[in-house]
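A.B. asks: Under my numbering, the letters of the sequence shown match residues 932 to 1419, in that order.
Backbone N, C-alpha and C define an ideal beta-carbon position, used for all residues, glycine too.
Because the structure is a prediction, the values reported are computed rather than measured.
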Amino acid sequence: MAISKKGTENLQLSAVVQNSDDAIISLTLDGTINSWNKAARKMYGFTEAEVMGKHISILIGSEKITEEESILARIKEGRKVHHFETVRISKDGREIPVSLTISPIKDKEGKIIGASKIARDITLHKQASEKLAWLAAIVDSSTDAIVSKTLEGIIISWNTAARRMFGYTEKEAIGKHISMIIPAGRINEENIIISKIRNGDQIKHFETVRIAKDGRKVNISLTVSPIRGQKGKIVGASKIIRDITEQIKTSEKLKLYSKQLEQMNSYKDNFIGMASHELKTPLASINGYLQILERSIEGAQNKLFVKKAITQVAKLAALVSDLLDISKIQSGKLSLNCVKFDFNELLEEVTETIQQTTSSHVFELQIGSSVKINADRHRLEQVLINLLTNSTKYSPDAEKVIIKSAIKDNCVRVSVQDFGIGIPREEHDKIFSRFYRVEEPAHTFSGLGLGLYIANEIISMHKGKLWVESAPQRGSTFFFEIPVAGNP
Ligand code: ADP
932 MAISKKGTEN LQLSAVVQNS DDAIISLTLD GTINSWNKAA RKMYGFTEAE VMGKHISILI
992 GSEKITEEES ILARIKEGRK VHHFETVRIS KDGREIPVSL TISPIKDKEG KIIGASKIAR
1052 DITLHKQASE KLAWLAAIVD SSTDAIVSKT LEGIIISWNT AARRMFGYTE KEAIGKHISM
1112 IIPAGRINEE NIIISKIRNG DQIKHFETVR IAKDGRKVNI SLTVSPIRGQ KGKIVGASKI
1172 IRDITEQIKT SEKLKLYSKQ LEQMNSYKDN FIGMASHELK TPLASINGYL QILERSIEGA
1232 QNKLFVKKAI TQVAKLAALV SDLLDISKIQ SGKLSLNCVK FDFNELLEEV TETIQQTTSS
1292 HVFELQIGSS VKINADRHRL EQVLINLLTN STKYSPDAEK VIIKSAIKDN CVRVSVQDFG
1352 IGIPREEHDK IFSRFYRVEE PAHTFSGLGL GLYIANEIIS MHKGKLWVES APQRGSTFFF
1412 EIPVAGNP
């Protein structure tokens, strides 16, 4: 049987409906489903047989049912509904965001007998626009100004921070050339930036200056990245601009303070140098007169007083000499006077001298045969005196100090071990700094915190090293090592 033209059209139409990517369904005016295409099945999960003759409410959550009623009321009046965004429920209970277009269906006489619904799944579109909204919120809540522009420099986007930073509203900025915030003398910067962007390069943390609407200078750090279009072609640039005005002010203040501090430090060093130099001469003369007095004075008590005075003057002279050394180190004027000598002999000598002035401790010396080194004898003596004096000073309850010297890897290694108060781990490096004293026992033991600093300098000048192994209440062992050969 031949099919009429109308019949052919109907067949074609039905094929279009069946193969559409959008769900297409039709309803009677009371909401009963009477057609259901393949895409509707795919989208909602119901087969045609499951929905035919059922009410459309099977796709609609209870809270949206009135929405459907008002749509049908509109259709009955012969009006269409375009791109209405809502949510429908699939067979397995999933919520599907859809965009609906609903039109009235008329019979031959033009009477409205139903509605056709085209539903488009807009899940992906929704996700994309939610993501965009998130991104926009991030950009807008950023404290850095975020601005995008074309390769010609025309501003395309301008966030809230950009408004705060430069004073132009989004409306005032968009469409304008970026040069509106660039100082006249820096316009060339923009050309350099754009040429880098055209090459696909990024500009990171470029520090420069921009001008706000009210003429204010804004110190900024700029990071500019290329924006690529869909085909990867560079179409513009995004700028992240950080206001570093405060940062610059702070760092300028810091520079000033550190310069002032340096100057004050140098005044202090000069003063220490001058004062200790000036103190040296009268001290030497007091010492001289006391020596004469010691020899000539009569009476045991008088002799004792003079002896005590000589001891105190010697302590004062040692302090003054430390201060003088500090100022020499600071000004780079501490020099070595190297000669060849037997190091173990020096060690024996120093130990003996200190032993003579110490009744509380016994020094146990463990050394090998002679070791000839080329070094500053006087300066190494100073180091040993400091270590030995400290070993008794900081071990008031102990009775013994062990001193060892041995050759190791072509170096003389000396250790001075005491059984005293010890030093906490976190202080081990600090005690070699100028004027540093471990806080806890500082009020119990006298001292200026200079000895180890000077000793460390002297050992370094001999291309050696000085270090400590110690733990609180477990005693300390100070080590130093200097090369046997090749000293300065
Ligand atoms: P001073 O003894 O005059 O304070 P030093 O530079 O010789 O200065 O020593 C610095 C600090 O290191 C001392 O104040 C002390 O806290 C700590 N120290 C040095 N030697 C010892 C030691 N043998 N035992 C415990 N602490 C020590």
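Which residue's Cα is closest to the Cα of E1177: N1150, K1339, K1170, G1160?
C.D. replies: Walking along the sequence shown from the start, residue 1177 turns up at place 246. Comparing Cα positions, the closest option is N1150.
A.B. asks: Please state the DSSP three-state secondary structure of G1382.
C.D. replies: Residue 1382 sits at position 451 when you count from the first residue of the sequence shown. Here G1382 sits in helix by DSSP.
A.B. asks: Using a Cβ-Cβ cutoff of less than 6 Å, which residues in the same chain neighbour A1248 once the five nearest sequence positions on both sides are dropped?
C.D. replies: Sequence index remark: in the sequence shown, residue 1248 carries index 317 (1-based). So the qualifying residues of the chain are L1214.
A.B. asks: Go ahead and label E1388 buried or exposed: buried means 16 or more other beta carbons lie within 10 angstroms of its beta carbon, across all protein chains shown.
C.D. replies: Position 457 of the sequence shown, counting from 1, holds the residue named residue 1388. With 16 or more Cβ atoms within 10 Å of its Cβ, E1388 is classed as buried.
A.B. asks: Here's the rule I'm using: 16 or more other beta-carbon atoms within 10 Å means buried, otherwise exposed. How should A1046 be labelled?
C.D. replies: The count along the sequence shown starts at 1 and reaches residue 1046 at position 115. Buried, since its Cβ has 16 or more Cβ neighbours within 10 Å.
A.B. asks: Taking 6 Å as the line, does the beta carbon of I1334 fall inside it for any heavy atom of ligand 1?
C.D. replies: Here the question's residue 1334 lines up with position 403 in the sequence shown. I1334 Cβ: outside cutoff for every heavy atom of ligand 1.
A.B. asks: Can S1407 be considered in contact with ligand 1, in the sense that its beta carbon sits closer than 6 Å to one or more heavy atoms?
C.D. replies: For the purposes of this step, residue 1407 is taken as residue 476 along the sequence shown, with counting starting at 1. At least one heavy atom of ligand 1 is nearer than 6 Å to the Cβ of S1407, so yes.
A.B. asks: Suppose you measure from the CA of N968 to the CA of K1042; what does that come to, to the nearest Å?
C.D. replies: For the purposes of this step, residue 968 is taken as residue 37 along the sequence shown, with counting starting at 1. For the purposes of this step, residue 1042 is taken as residue 111 along the sequence shown, with counting starting at 1. Rounded to the nearest angstrom, the gap between the Cα atoms of N968 and K1042 is 24 Å.
A.B. asks: Any heavy atom of ligand 2 within a distance shorter than 6 Å of the CB on G1299?
C.D. replies: This structure simply doesn't include ligand 2; it includes ligand 1 instead.
A.B. asks: Does the distance from the C-beta atom of I955 to that of I964 stay below 7 Å?
C.D. replies: As a working note, residue 955 is residue 24 in the sequence shown. As a working note, residue 964 is residue 33 in the sequence shown. No. Outside cutoff.
A.B. asks: Starting from H1208 and walking both ways along the alpha helix (DSSP H), at which residues does that stretch end?
C.D. replies: Position 277 of the sequence shown, counting from 1, holds the residue named residue 1208. 1176-1227 is the span of the alpha helix (DSSP H), which, as asked, contains H1208.
A.B. asks: Output needed for N1275: all residues of its chain with C-beta closer than 8 Å, excluding positions within five of it in sequence on either side, in chain order.
C.D. replies: By one-based count along the sequence shown, residue 1275 stands at place 344. The residues are I1298, G1299, S1300, S1301, V1302, S1336.
A.B. asks: Are V1281 and L1315 touching if we call contact CB-CB under 7 Å?
C.D. replies: For this step, residue 1281 is matched to residue 350 along the sequence shown. For this step, residue 1315 is matched to residue 384 along the sequence shown. Yes.
A.B. asks: Quick check: is any heavy atom of ligand 1 less than 6 Å from the C-beta of N1305?
C.D. replies: Numbered from its first residue, the sequence shown carries residue 1305 at position 374. No, since every heavy atom of ligand 1 falls outside the 6 Å radius drawn around the Cβ of N1305.
A.B. asks: Quick check: the segment 1263-1272 against the segment 1288-1296, are there 3 or more CB pairs under 8 Å?
C.D. replies: no
A.B. asks: Starting from K1127, trace the alpha helix (DSSP H) in both directions and tell me its first and last residue.
C.D. replies: If you number the sequence shown from 1, residue 1127 lands on position 196. 1118-1129 is the span of the alpha helix (DSSP H), which, as asked, contains K1127.
A.B. asks: Can you tell me which of the three DSSP states Q892 falls into?
C.D. replies: The shown model of the chain, from 932 to 1419, leaves out residue 892, and the question about it has no answer.
A.B. asks: Can you give the Cα-Cα distance for H1056 and T1017, rounded to whole angstroms?
C.D. replies: Here residue 1056 corresponds to residue number 125 of the sequence shown, with the count starting at 1. Here residue 1017 corresponds to residue number 86 of the sequence shown, with the count starting at 1. Distance between H1056 and T1017, taken at the CA atoms: about 13 Å.
A.B. asks: For S1152, I'd like the list of residues in its chain whose CB is within less than 6 Å of its CB, leaving aside the five on either flank, ordered along the chain.
C.D. replies: On the sequence shown, position 221 is the one that residue 1152 refers to. Correct list, in chain order: H1136, E1138, R1173, I1175.
A.B. asks: Determine the extent of the alpha helix (DSSP H) in which E981 is found, giving its start and end residues.
C.D. replies: Here residue 981 refers to the residue found at position 50 when the sequence shown is read from its first residue. First-last of the alpha helix (DSSP H) with E981: 979-982.
A.B. asks: Assuming S1258 contacts D1307 under a Cβ cut-off of 8 Å, what Cβ separation, rounded to an integer in Å, is found between them?
C.D. replies: Here residue 1258 corresponds to residue number 327 of the sequence shown, with the count starting at 1. Here residue 1307 corresponds to residue number 376 of the sequence shown, with the count starting at 1. No, S1258 and D1307 are not in contact; Cβ-Cβ is about 18 Å, not under 8 Å.
A.B. asks: Can you tell me where the beta strand (DSSP E) with I1020 in it begins and where it stops?
C.D. replies: If you number the sequence shown from 1, residue 1020 lands on position 89. If you look at I1020, you'll find it in the beta strand (DSSP E) that goes 1012-1020.
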